[in-house]
Amino acid sequence: MSEQPTFDQADPDGTVLAGPWVPLRDLDDFDETRVVEGETVDAAAPVDAGVVGRALEPRRPGPLVRADRVRAVARPVGRVVVQVGYGHAVWARRATDAATHAAIREQIRAARARGDAVELAEWLDRLQAAKNARRARLASLPEVLKATAITAAAGVLVVATGLVAVGIIVGVVTPLGIGWDAYWTFLGWLLGTLVAWATVLIPLAAAGLVPAWLLAAWRAGRDDAPGWVATSGETDVDIVVDERSLTQALAALRIKQITDYLKIAPLQYVVPARKDGRGTYALIRMPGGLAASYITAQTRRESIASSLRRRVGEVWLRTGDDAGLLDVWIADPGALKEGAGPYPLLSDGFVDVFKGVPFGRTLRGDGLTAPVMERNTITGGLPGQGKSSSARTMLAGAALDLTAELRIWVPDTNFDFEYFKPRASRYVMGAEDDKIRQILEDLRELYAEVQARGQLLVDHKIPAVTRKIASQGVGLHPLFCLLEEAHLAIQHPEYGAEISQLLVDIVKLGRKRGIHLIVSTQAPTKDSMPRDVTRNCSNGIAYAVGDHVANDALLGQGAYKAGHRATELIPGTDKGTAVVKGFTGERSVMAQTYFIHVDQVPALIRRALDELDRKGLPVPGSTTPRPADQTGNRDLLDDLDQVLGTEVLPVAKAAALLQNLAPTWPAYKALTGAALVKLLATEGIKVPSTGNRWPLDPLTVREEINRRSTADLDE
1 MSEQPTFDQA
11 DPDGTVLAGP
21 WVPLRDLDDF
31 DETRVVEGET
41 VDAAAPVDAG
51 VVGRALEPRR
61 PGPLVRADRV
71 RAVARPVGRV
81 VVQVGYGHAV
91 WARRATDAAT
101 HAAIREQIRA
111 ARARGDAVEL
121 AEWLDRLQAA
131 KNARRARLAS
141 LPEVLKATAI
151 TAAAGVLVVA
161 TGLVAVGIIV
171 GVVTPLGIGW
181 DAYWTFLGWL
191 LGTLVAWATV
201 LIPLAAAGLV
211 PAWLLAAWRA
221 GRDDAPGWVA
231 TSGETDVDIV
241 VDERSLTQAL
251 AALRIKQITD
261 YLKIAPLQYV
271 VPARKDGRGT
281 YALIRMPGGL
291 AASYITAQTR
301 RESIASSLRR
311 RVGEVWLRTG
321 DDAGLLDVWI
331 ADPGALKEGA
341 GPYPLLSDGF
351 VDVFKGVPFG
361 RTLRGDGLTA
371 PVMERNTITG
381 GLPGQGKSSS
391 ARTMLAGAAL
401 DLTAELRIWV
411 PDTNFDFEYF
421 KPRASRYVMG
431 AEDDKIRQIL
441 EDLRELYAEV
451 QARGQLLVDH
461 KIPAVTRKIA
471 SQGVGLHPLF
481 CLLEEAHLAI
491 QHPEYGAEIS
501 QLLVDIVKLG
511 RKRGIHLIVS
521 TQAPTKDSMP
531 RDVTRNCSNG
541 IAYAVGDHVA
551 NDALLGQGAY
561 KAGHRATELI
571 PGTDKGTAVV
581 KGFTGERSVM
591 AQTYFIHVDQ
601 VPALIRRALD
611 ELDRKGLPVP
621 GSTTPRPADQ
631 TGNRDLLDDL
641 DQVLGTEVLP
651 VAKAAALLQN
661 LAPTWPAYKA
671 LTGAALVKLL
681 ATEGIKVPST
691 GNRWPLDPLT
701 VREEINRRST
711 ADLDE
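Numbering (the UniProt record's numbering), first residue to last: 1 to 715.
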């Protein structure tokens, strides 16, 4: 570096040296013989201040571009470009497959790998037939082209002849003063106009073909883009569910039979992946020795959902018609959020309960009708998930059948069904003891009607109630009963045992007699719901539940193990969504219930009542009064005092003695030893379980009677 002038840094008043400045040279190294050409400059000449000023002016920094923003734009653009390229590759592959009958050849390889000689021969025949058909088409191509040319020439000749003929007629007749020359002038103008439009539209259409072509290529190749073109923010990129992605998801399970099979042949898709409602459906043949039920296990279902970027509840795997067929349905992302839509009969319409009542929609988007005749229904789930709403939806449909009678019991204080009261022949709402007792009386009445209807079926010589007999007014009309929050009535300390037994008897016997019982509960257990009720309810509706016990109580024994799981529904998120059994031919389906708000019920009930008034009909069942309250006509302890001797005997025998004493008394008809123990406990008598015989001492009963008598005298 050349030597620079130095300044006294301590002196704040520096002097700016006149420029331009030149480096100092060592004169010892100067070659005097070398001629230097240049311009002599006066060192004292004034300096161009503008040059110095511009050199010292601060420069505004240019715009900065963040690298991550560049990547955020570049990757989506790169993805589109790559997808368009892959789309052309897909087209080329499809063209090659079509030219070589690749689909048939894949099936041949699959049949050969399975060792299925019959299916192999069938596919070989199909391949030969396809080759013969193509050969025939190629052989007939010259004739087809010749026929097309002749047809086109004939068409031109016919049109020309027609135009000339019309021109001759116009020249002779001259309609409206139009002659031969004017006719051809008009045709020339029309032809010129068409040509002008064609010169404009054809280039536009040709220009539109390019983006249309690119769009089609992008759609064809969008599922084949490599992962490096995705951005970190694109978490919602969907996977197209097709044979390729399904095969990859199954291969990711690392099941030996699938892994080995894919090395020699592709999986056989009996039904290729196709759009089905709000999702994609496929039917896949599993390799030999691998049962479809092995794939439907929960952990593998979760793995498939992960591979396809779906929620577990959006992946449905079932065993097909045979053990080796895997039935697959994959929901579109977010299909559960769409809901069932509005109730279809909000504004008008009526129902025939023999054809079912509107319930909701399947996850696939198909309308779902609940069959109700010769059925019983149990609905349950965690609080606030929709069980009461489902009962309200079913009762709304029943209310719109003018022949149906409604009976509603709510052993709790709530407003969910209050608007049904004008349409119901029996309605009880409340948690007080007298309300529970009234529910018991109504169930006794219902059980008596079950028996009476059985005799009517015998009299009319029919096995079950039909629409024809139900409309004749002979006492076999459809009868819909709802016990809401049933566990509250069943677990009542005084009346629960008999209510429980009556429910069992009604569910077992009532269905063929036109009686449909809907039982609604939160979490059915052995204590809150009799097992014979859950076992005999053909319709099961399970909203989000907490464990497999409640799941199987609502959907049937073994449902959880088989993959029919309401435990996978998320409380709050999946409100109104349930797994239902008995509504279709499938073991279960995912359903979204039509939601009828409480405030929408009055309009539905008013429609039914107005139609009944128009036809001059009463509300079904309203003309039959309740039977007199028989609860106080018999006293349990007095009856025991009458039938018991002096010896201690098992409580089960005491129950049988009570049945013999009053065989028509409803409380004794289905009385068991266990039920009698509970009834005695409410009377203040505890029966010991000695040796599991539950011995009842008559002395204990009579002492309690004497104690009560003494207490009455003291009062």
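For every residue, glycine included, the Cβ atom is placed at its ideal position computed from N, Cα and C.
Since the structure is predicted, the reported quantities are computational estimates derived from the model, not experimental observations.
Buried/exposed call for residue i, threshold 16 Cβ in 10 Å
| i | result |
| --- | --- |
| Lys615 | exposed |
| His516 | buried |
| Trp218 | buried |
| Gln248 | exposed |
| Pro411 | buried |
| Glu611 | exposed |
| Val428 | buried |
| His492 | buried |
| Ala542 | buried |
| Gly360 | buried |
| Thr148 | exposed |
| Thr710 | exposed |
| Glu703 | exposed |
| Ala55 | Confidence at Ala55 is low in this model, with a pLDDT of 48, below 50, so the placement of that residue should be treated as unreliable; the coordinate-derived value is given next. Its Cβ having fewer than 16 others within 10 Å, Ala55 is exposed. |
| Thr96 | exposed |
| Arg94 | exposed |
| Ile499 | buried |
| Leu201 | exposed |
| Leu145 | exposed |
Straight-line Cα distance separating residue j from residue i
| i | j | result |
| --- | --- | --- |
| Thr521 | His564 | 19 angstroms |
| Leu479 | Leu395 | 11 angstroms |
| Ile178 | Leu187 | 12 angstroms |
| Val507 | Lys256 | 48 angstroms |
| Leu308 | Pro530 | 41 angstroms |
| Ser293 | Arg318 | 7 angstroms |
| Arg285 | Ala291 | 10 angstroms |
| Asp260 | Val312 | 27 angstroms |
| Ser245 | Asp322 | 24 angstroms |
| Leu640 | Val504 | 25 angstroms |
| Leu636 | Ser689 | 20 angstroms |
| Ile439 | Trp409 | 6 angstroms |
| Asp242 | Gly341 | 28 angstroms |
| Gly621 | Leu402 | 11 angstroms |
| Arg310 | Ala608 | 44 angstroms |
| Pro142 | Val156 | 21 angstroms |
| Leu253 | Leu262 | 13 angstroms |
Rounded distance between the beta-carbons of residue j and residue i, thought under 8 angstroms
| i | j | result |
| --- | --- | --- |
| Arg109 | Ala265 | 4 angstroms |
| Ala424 | Arg407 | 6 angstroms |
| Gly386 | Leu554 | Incorrect: roughly 13 angstroms between the Cβ atoms, too far for contact. |
| Ala130 | Ile168 | The Cβ separation is near 55 angstroms, so there is no contact. |
| Val545 | Thr567 | 6 angstroms |
| Val598 | Tyr419 | 7 angstroms |
| Asn539 | Phe583 | 7 angstroms |
| Asp574 | Leu382 | Actually they are not in contact, since the Cβ atoms of Asp574 and Leu382 sit about 10 angstroms apart, beyond 8 angstroms. |
Endpoints, alpha helix (DSSP H) assigned at residue i
| i | result |
| --- | --- |
| Gln268 | No alpha helix (DSSP H) holds Gln268; the beta strand (DSSP E) holding it covers Gln268 to Asp276. |
| Phe186 | Trp180 to Gly221 |
| Ile596 | Unbroken run through Ile596: none, as it is neither H nor E. |
| Met529 | Element bounds for Met529: n/a, residue is neither H nor E. |
| Leu253 | Element bounds for Leu253: n/a, residue is neither H nor E. |
| Val677 | Gly673 to Thr682 |
| Asn660 | Val651 to Leu661 |
| Ile462 | That residue, Ile462, is in no alpha helix (DSSP H); it is neither H nor E in DSSP. |
Residues of its chain near residue i, where Cβ-Cβ distance is below 7 angstroms and the 5 sequence neighbours each way are ignored
| i | result |
| --- | --- |
| Leu644 | Ala654, Pro698 and Val701 |
| Thr593 | Ala340, Phe359, Gly360, Gly386, Ser389, Ser390, Thr393, Gly576 and Ala578 |
Range of the contiguous beta strand (DSSP E) that encloses residue i
| i | result |
| --- | --- |
| His516 | Ile515 to Thr521 |
| Val580 | Thr577 to Lys581 |
| Gly360 | Val357 to Thr362 |
Same chain only: Cβ atoms within 6 angstroms of residue i, ignoring 5 sequence neighbours per side
| i | result |
| --- | --- |
| Lys421 | Tyr427 |
| His548 | Tyr560 |
| Gly289 | Gln257 |
| Arg708 | none |
| Ile304 | Ala249 and Val315 |
| Phe350 | Leu400 |
Close-in-space but distant-in-sequence residues of the same chain around residue i (CB under 8 angstroms, 5 per side omitted)
| i | result |
| --- | --- |
| Pro663 | Lys669 |
| Thr466 | Phe354 |
| Ala497 | Ala674, Ala675, Lys678 and Leu679 |
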